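Peer 1: To start, I am sharing the structure in question, which I have written as structure tokens.
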Amino acid sequence: MQIVKEIAERPAVRAALEMLRDDLADTVALIERIQQVPAPTFAEGPRADLVEQEFANLGLQDIWRDELNNVYGRMPGRSSNGPGVIVSAHLDTVFPAGSDLTVTRENGRVHGPGIADNSAGVGGMLAIIDCLRRFELQPEQDVWFVANVGEEGLGDLNGMRAVVAHFGQGPRYIVLEGGLFGQILHRAIAVQRFTITVETGGGHSWKNFGRPSAIHVLGQLIAAISDLIVPVKPFTTFNVGLIEGGTSINTIAPSATMWLDLRSEDNVALAEVLKQVKRLVHDADNGDDVRVHLRQIGDRPAGEIPVETPLVQMAAAALQAVGLQQANFTCGSTDANIPLSRGYEAVCIGLTKAENVHRLDEYMETSLLARGLGQLLLLLLAAAS
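In terms of the working numbering, the sequence shown has 141 at position 159, counting the first letter as 1, and numbering is strictly consecutive.
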């Protein structure tokens, strides 16, 4: 796209891209500092404090926090007439309070829980704000930077729901993830999450042998779900990620619960799988000594914009400008689900490559980080033009 090429050729932008490479060690140190502040979903406050202070140090205007702990800061554009751009990175991680957050470096990699997802996203956003400030690269339109809560797990994208409710349809949305460099997510997969709880009368494993066990019934339900046939196109998945229940080894379990995750590229396909799950739940509930309850705990909507959309093409052109000729146009479940589900112009991009995400041995590659930041810089300036 021509606008990206023109921006990349500006002397100040070339100098800024060079600085992102030269100051990479400082950016990595910033990412590590963010990673050291625990931020489990629903407990992002201390990390929000850090980002709010950084926003102030970097000279953003109109800094504020909403009731959820989303942190907002505005970089004014040369013109206030346009709809502007929202750049967001989620604060929360999947790791509970008390997790060992030790960081190690080895062979161009930084290892540590949450280092890529999403400390790199938050740190990269702060690095770009600093870069814009230092090289006086004022965007044409206002850019709002947002560090939002509630992206992971049971957060159910509640932070981004509030962000989109506040800003609405006008601006373009650029969502940052630490570990997806080279990917441009312009399609959002639908995700629905449930608990399925089985309740029985329970009893003693010897004296009351033969009474229904909630764990046995739950196991049969899990087996039945595992036998469901789901389409490959549109790609559709199911997963029982957690089971809990029972009292003791010699007690017929009176209660047991599974946590079920359903995903699909298509809302209709997901609805069909859910219909089958509901039928299994209905059949397992005999209305007497076995009761089965289905409760929804998450709903991430699907949506997409065409690959020809200007923001998507800008993201691809920005990748080319930093040396990656072929972008991977793809789908995923990210904060971008919310604006995409409403048909708003939005993409999710990554700043480097990472592996073992959501594991204690998570790591990110540092060699690609400067290019990922360069893509973000060019995309932001183009989107705000």
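Note that the Cβ used here is the ideal one computed from N, Cα and C, for glycine as well. Please read all numbers here as calculations on a predicted model, not as lab measurements.
1. Distance check for residue 240 and residue 227, CA to CA, integer angstroms please.
2. For the stretch 241 to 327, list the alpha helix (DSSP H) runs that are entirely contained and at least 4 residues long, ordered along the chain.
3. Measure the CB-CB distance between residue 273 and residue 315 and report whether it falls below 9 Å.
4. Quick one: what's got a C-beta closer than 7 Å to residue 360's C-beta in the same chain, skipping five residues either side?
5. Distance check for residue 275 and residue 260, CA to CA, integer angstroms please.
6. Enumerate in chain order the residues of its own chain whose CB-to-CB distance from residue 3 is below 7 Å, with the five nearest sequence positions on each side excluded.
7. State the start and end residues of the unbroken alpha helix (DSSP H) segment that holds residue 16.
8. Below 8 Å CB to CB, which residues in the same chain sit around residue 339 once its five sequence neighbours on both sides are set aside?
9. For the beta strand (DSSP E) that residue 170 lies in, which residues bound it at each end?
10. Suppose the cutoff is 7 Å on Cβ atoms and the five residues either side in sequence are ignored; what does the same chain contact list for residue 143 look like?
11. Short of 6 Å in beta carbon distance, which residues of its chain neighbour residue 50, apart from the five on each side in sequence? Order them along the chain.
12. Please report the residue range of the alpha helix (DSSP H) in which residue 27 lies.
13. Compute the beta-carbon to beta-carbon distance between residue 122 and residue 60, rounded to the nearest angstrom, for a pair I have assumed lies under 8 Å.
14. Please classify residue 1: does DSSP put it in a helix, a strand, or coil?
15. Looking at C-beta atoms only, is the number of pairs between the stretch 16 to 25 and the stretch 71 to 78 that lie closer than 8 Å three or more?
16. Within 10 Å of its beta-carbon, does residue 363 have 16 or more other beta-carbons around it, so buried, or fewer, so exposed?
17. Express the C-alpha separation of residue 318 and residue 136 in angstroms, rounding to a whole number.
18. Quickly, what does DSSP pair residue 336 with across the bridge? List them, please.
19. Give me whichever residues DSSP pairs with residue 57 in a beta bridge.
Peer 2: Working from what's here:
1. One alpha carbon belongs to residue 227, the other to residue 240, and they sit about 9 Å apart.
2. List check, alpha helix (DSSP H) in window: 249 to 266, 292 to 303 and 319 to 323.
3. Cβ distance not < 9 Å, so residue 273 and residue 315 don't count as in contact.
4. Listed in chain order, the non-local C-beta contacts of residue 360 below 7 Å within the same chain comprise -14, -11, -10, 300 and 303, local neighbours out to five positions each way being set aside.
5. For residue 260 and residue 275, the distance between alpha carbons rounds to 10 Å.
6. Taken in chain order, the residues that qualify are 352.
7. For residue 16, the uninterrupted alpha helix (DSSP H) run begins and ends at 6 to 17, by DSSP.
8. Excluding sequence neighbours, residue 339 sits near 98, 99 and 161.
9. Here the beta strand (DSSP E) through residue 170 covers 165 to 170.
10. Shown here for residue 143: same chain residues with a beta carbon closer than 7 Å to its own, the five before and five after excluded, namely 320 in chain order.
11. Within the same chain, and ignoring the five residues on either side of residue 50 in sequence, the residues whose Cβ sits closer than 6 Å to its Cβ are 131, 141 and 144.
12. Run containing residue 27: 27 to 39, per the alpha helix (DSSP H) assignment.
13. About 6 Å; that satisfies the 8 Å criterion.
14. Residue 1 carries a helical assignment under DSSP once its states are collapsed to helix, strand and coil.
15. Contact between the stretch 16 to 25 and the stretch 71 to 78 is present, with at least three C-beta pairs closer than 8 Å.
16. Counting every other CB atom within 10 Å of its CB across the protein chains shown gives residue 363 a total of 16 or more, marking it as buried.
17. Near 16 Å, if we compare the C-alpha coordinates of residue 318 and residue 136.
18. Residue 336 is bridged to 346.
19. Under DSSP, residue 57 shares a beta bridge with 125.
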